[in-house]
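Novice: Have a look at the structure that comes next, please.
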Amino acid sequence: MADTYTGPVPKPTPETQPFWDATKQHTLKIQRCGDCARHYFYPRPLCPHCLSRNVAWVAVSGRGKLHSFVINHRAPRGFPATGPFVIGIVELDEGVKMMSNIVGVEPDPMLLRCDMPVEVVFEDITDEITLPKFKPVTPSFKPVTR
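Using this note's numbering, the first residue of the sequence shown is number 52, and each one after it goes up by one.
Written out as structure tokens, the structure reads:
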């Protein structure tokens with residue numbers, strides 16, 4: 052467990068509890084509609100595509116690609132004054148987008164690129180909460196040349 056974590060801790064709700072239960076087991080789960088067969092994220096009781104209530108939590112690969120990113124040099128209120136760090140939008144192989152930290156790579160725009168393959172890693176921050184983060188699948192990329 053990350054004894055040094057000092058940032059805000061998510062507070063699970065009935066809708067999000069299955070997500071947090073899965074991350075605690077180092078598994079990434081999202082919801083999938085039983086009627087239209089589409090995955091979606093963030094957790095909610097209705098499918099956003101067809102409004103069906105026939106939804107289930109399913110384990111997903113945890114792999115995807117970096118859709119977009121920002122290098123944050125100033126921590127938001129409530130977070131420790133560490134930085135810079137990378138916040139990314141990851142498009143999972145299952146088609147949904149998820150915002151998270153990108154770790155395992157220096158926060159340098161020359162080392163990051165959109166469409167870079169990433170995979171989930173987990174950080175245990177308390178006994179109850181584990182955060183999903185993403186790291187590059189291949190630790191060394193060809194730097195962007197300008």
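Glycine residues also receive a C-beta, built at the ideal position from the N, C-alpha and C atoms. Since the model is a prediction, treat every value here as computed from it, not as a measurement.
#1: How about residue 100 and residue 91: are their beta carbons less than 8 Å apart?
#2: Use the C-beta contact count for residue 73: other C-beta atoms within 10 angstroms, 16 or more gives buried, fewer gives exposed.
#3: Let me check understanding here. Comparing Cα to Cα, which of 107, 128, 55, 158 lies closest to residue 122?
#4: Need the endpoints of the alpha helix (DSSP H) that residue 76 sits in, please.
#5: With 16 other CB atoms within 10 Å as the buried threshold, where does residue 62 fall?
#6: If you check the beta carbons only, do residue 165 and residue 112 fall under 8 Å apart?
Specialist: To lay it out plainly:
#1: yes
#2: buried
#3: 158
#4: That residue, residue 76, is in no alpha helix (DSSP H); it is neither H nor E in DSSP.
#5: exposed
#6: no
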